[in-house]
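As given, the protein sequences belong to chains S and Y, one line each in that order. The opening position of the first sequence corresponds to residue 1 in the working numbering, with each subsequent residue numbered one higher. The opening position of the second sequence corresponds to residue 386 in the working numbering, with each subsequent residue numbered one higher. Quick reminder that beta carbons are idealized off the backbone N, C-alpha and C, glycines included. These figures come from a predicted structure and were not determined experimentally. Structure first, then comments.
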Amino acid sequence: MQAQYIGASTIILEVLWRFWPVWVALAIVMGASFLYKKKLALYGQLFDSGVGIAGVFICLFWLFTAIFASTISPFDPLGQIPIMKDTLPGAIEPQSGLVYLFGGDKLARDVFSRMVYGSQIVLIIAPAATGFALMVGITLGLPAGYYGGKIDSILSFLANLVLAFPVILLFYLLVTPGIMDTPIPYALAGVFFLFPIIFFCVLFWTRFKNRPDRIYILLGLTLLIGGWIYLGLVFDRDPLHIVHIDPNQLNIFVAVVFASSPGVFRIVRGLVMDIKTRDYVAAAQTRGESPWYIMLWEILPNARGPLIVDACLRIGYTTILLGTLGYFGLGLAPESPDWGTAIKDASRLLRSFIHPALPPTIALMSFVLGLNLLADSLREQSMKD
Amino acid sequence: MFSFIIRRIGTILLTMLCLTLVVFFLVNLEPNLKKLAISQTEMHTSADQLESWLVNHGYRQNFFSRYGQWLGVVPKQPITDPATGKTTQRFTFCNDPTVPTFSGVLEGDFGCSTKFKTTVAAKLFPALGATGILMLCVLGVMVPVSLLVGILAGMREGSRTDRVLSVASIASTATPEYVSGVIFTVVFASWLGWLNGSAASASQGITFYNFTLPVITLAIYGIGYIARMTRASMVEVMTQQYIRTARLKGLSFRGVVVKHALRNALIAPFTVIMLQFPWLLTGVVIVEVMFRYQGFGYTLVEAAGNNDIDLLLGCSLVSVFIVLITQLISDVGYAFLNPRIRVQ
């Protein structure tokens with residue numbers, strides 16, 4: 001049976017219509033940001049330049065797409081409808097009357113729905129992995145830059161060791177199916193996920209150690225929430241069964257954190273070495289503040305500008321890394337709708353069909369572009385201050 | 386300067402030693418050895434046979450003694466048949482010794498590729514040559530284009546040219562190789578039919594038709610980054626006093642840019658270009674797999690996919706060496722180009 005098609009202009013209208021929750025949410029957030037941009041400090045200043053608005057727009061677009069994925073996508077991203085195999089964009093699915101807006105792939109799945117669901121995977125893993133990499137990099141970079149000497153030499157040597165690895169080789173070694181039978185990913189996860197807990201404990205301890213009314217509450221909360229997430233992620237033993245991560249996702253997560261934390265370490269170390277010569281650091285030292293108080297409450301807040309810019313770029317870079325993993329079929333399940341895997345599947349068949357290849361490539365490119373534009377305009381705004 | 390280089394080379398050797406030890410540990414994990422044994426023996430072999438294959442080929446010797454053998458500080462042992470006591474070669478296809486000899490990386494023997502059934506040297510060095518050609522072409526495209534874009538953008542900061550070129554550079558850094566490769570193939574190979582979407586035939590002879598797509602795919606990701614660095618450097622130079630002096634002296638804008646600004650603005654991009662090599666290595670892997678070009682990246686993926694221990698170690702040694710040596714060149718070159726910097 002020949003599939004029925006709709007025209008090109010109808011496809012565009014239909015795609016725009018399917019994204020309606022995103023447009024509504026975007027209108028609300030962007031409108032509110034415009035109204036109150038004077039009060040929103042750095043975020044508000046982004047709306048002064050075209051580049052900044054474009055960056056915020058693209059990033060929020062993908063954020064809302066990930067949130068409303070189940071409403072936007074007409075089909076199940078893994079569901080196969082045999083009659084729709086390799087159909088061109090705009091084919092109508094006879095049973096439900098819904099349209100395969102961007103056509104079907106070689107396994108008869110809806111390309112549009114897969115692209116929409118792919119955003120979920122990227123927007124969960126990339127920012128979270130960047131967050132952990134930041135924690136690891138900051139916690140190790142602060143003492144390396146502040147104390148210098150032996151600590152610095154050892155930590156820098158280790159960071160350079162990881163940075164000397166070509167990323168792709170690192171992934172091939174760390175994200176093979178076999179490695180999940182060994183304790184290595186769990187050991188690495190156990191070490192990496194400890195850093196946020198240490199970071200926040202030290203953060204609160206140095207500030208509030210003389211105020212028993214605050215310190216016990218804050219430390220208790222950190223240990224409780226941190227320990228709960230730690231149990232769920234590393235040992236998969238969450239007593240409430242809420243925090244859970246697949247072993248292969250944990251493996252990817254760990255590999256990405258491992259690959260990107262040395263970069264953060266180097267940046268933080270450089271910033272600290274610069275900032276520690278300032279007068280306010282000398283003032284704090286004269287007051288007799290402890291070294292960790294100075295690092296966390298005097299130096300770190302003053303290094304936030306470059307770190308925010310770096311975090312934006314790094315989320316984009318992590319997205320590219322995830323795509324690379326998907327492209328080489330490492331870690332993620334073969335039917336997973338993430339963009340990298342989709343690009344891999346489609347690029348093998350470019351000679352016969354090109355339509356399954358374009359949506360994931362353009363999605364990935366636009367998201368990374370949005371983040372880079374955001375970082376660029378943040379950098380420009382922070383330079384103005 | 387001389388002692389600086391000596392010290393850096395010492396660090397490089399130490400780093401290489403540590404990294405190969407890590408790689409050696411990871412490829413010799415139990416699941417990876419199992420995978421190797423399964424791929425090297427016939428289908429449907431029992432667990433006992435797999436184990437005996439591993440024992441027979443020396444994979445069950447002590448970890449450090451095997452690392453020493455690979456390195457060449459422990460004599461490489463031939464296989465001794467327990468029944469007859471006769472010694473045989475470990476792998477027949479690459480002249481392994483029949484008597485214990487020092488034969489490791491230090492002696493120039495990179496070992497034996499189990500996947501390609503030949504010595505690692507015979508497989509790795511031709512592949513490196515092929516990748517070298519690709520790299521040369523990429524650098525030949527990437528460096529002039531990115532410097533030109535960066536200089537044009539940084540010449541007049543804030544102008545329309547600057548804005549357009551800056552956004553274009555950002556867009557190109559947001560396009561990883563597997564994305565631009567797909568898009569270029571769709572446009573130039575599928576729609577227009579101008580270029581070949583596969584570089585498999587480039588091993589026989591490189592033509593414009595089969596080699597352009599891999600080269601521009603690889604170049605485009607780096608162009609944006611180098612161009613942005615060049616622009617930043619150019620913008621900084623253009624605000625210097627000596628540029629204003631030259632302008633006030635009555636020199637034309639073009640003369641000032643070419644004679645005074647350019648030389649000083651090109652110091653920073655030199656470092657960036659050298660430090661771009663680690664990224665190019667990852668890009669090479671993606672592009673060679675995507676366009677089926679039989680070079681270093683393709684070999685690395687084959688070695689990693691089949692857990693070909695010696696070949697993978699050889700690949701890591703080469704790539705780590707390239708990364709570290711380019712870092713050294715960038716540091717030394719920077720000190721040479723910029724007389725204000727002195728290395729201690």
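For S:I229, the enclosing alpha helix (DSSP H) covers residues P212 to Y230. Taken in chain order, the unbroken stretches of alpha helix (DSSP H) that lie wholly in the segment 583–626 of chain Y and span 4 residues or more are 593–623. Non-local C-beta neighbours of S:V24 in its own chain, meaning closer than 7 Å and more than five positions away in sequence, are absent. Annotation: Y:L698 has no Cβ neighbours in chain S at a cutoff of 9 Å; minimum Cβ distance is about 11 Å.
DSSP links S:Y100 through a beta bridge to S:A91. Chain Y has a Cβ within less than 8 Å of the Cβ of S:G178. In the three-state scheme derived from DSSP, where H, G and I count as helix and E and B as strand, S:Y5 is classed as strand. DSSP, reduced to helix, strand and coil, places Y:S431 outside both helices and strands of the structure shown, so it counts as coil.
S:D110 has S:G104 as its beta-bridge partners, per DSSP. Contact of S:A357 with chain Y is assigned, a C-beta pair being separated by under 8 Å. Secondary structure in the segment 40–89 of chain S: the alpha helix (DSSP H) runs of 4 residues or longer, each lying completely within the stretch, are 41–45, 50–67 and 69–72 in chain order.
Within the segment 416–445 of chain Y, P416, N417 and K420 place their CB atoms closer than 7 Å to a CB of chain S, listed in sequence order. Beta bridge pairing from DSSP links Y:S498 with Y:T503.
Chain-ordered, the chain Y residues with CB closer than 8 Å to the CB of S:T182 read L414, E415 and P416. Residue state for Y:T486 is assigned as strand, using DSSP reduced to three classes. Listed as beta-bridge partners of Y:K461 by DSSP are Y:T486. For Y:M675, a Cβ of chain S is located within less than 8 Å of the residue's own Cβ.
Residues D310 of the same chain have their beta carbon placed closer than 6 Å to that of S:I267, with the five preceding and five following residues left out of the count. Among the residues facing chain S, Y:P561 is included, as its CB has a counterpart in that chain under 8 Å away. With a cutoff of 8 Å on beta-carbon distance, S:P89 and S:G103 are scored as near each other. Using a Cβ distance threshold of 8 Å, S:E14 and S:V116 do not count as a contacting pair. Taking 8 Å as the upper bound for CB-CB distance, Y:S557 and Y:I608 are in contact here, some 5 Å apart. Separation of S:Y230 and S:G331 (C-alpha to C-alpha, rounded to the nearest whole angstrom) is 21 Å.
Between S:Y216 and the set S:G227, S:I6, S:I225 and S:F204, the nearest pair of CA atoms involves S:F204. DSSP, reduced to helix, strand and coil, places S:D236 outside both helices and strands of the structure shown, so it counts as coil. Contact between Y:S498 and S:L169 does not hold, since the beta-carbon distance rounds to 16 Å and is not under 8 Å. Contact of S:T10 with chain Y is not assigned, every C-beta pair being separated by 8 Å or more. In the structure shown, the three-state DSSP call for S:P183 is coil. At a cut-off of 8 Å between C-beta atoms, Y:A653 does not count as an interface residue with respect to chain S. Relative to the Cα of S:G329, the nearest Cα in the group Y:S575, Y:Y563 and Y:I591 belongs to Y:Y563. Using a CB distance cut-off of 8 Å, Y:P663 counts as an interface residue toward chain S. In this structure, DSSP gives S:R351 a state outside helix and strand, which the three-state scheme calls coil. Here S:D376 is buried, its C-beta having at least 16 other C-beta atoms within 10 Å. Counting C-beta atoms within 10 angstroms of its own C-beta, S:A282 has fewer than 16 neighbours from the protein chains shown and is therefore classed as exposed. Excluding sequence positions up to five before and after Y:N417, its CB lies within less than 7 Å of the CB of N692, all in the same chain and listed in chain order.
Between S:L188 and S:V254, the gap from beta carbon to beta carbon is short of 8 Å.
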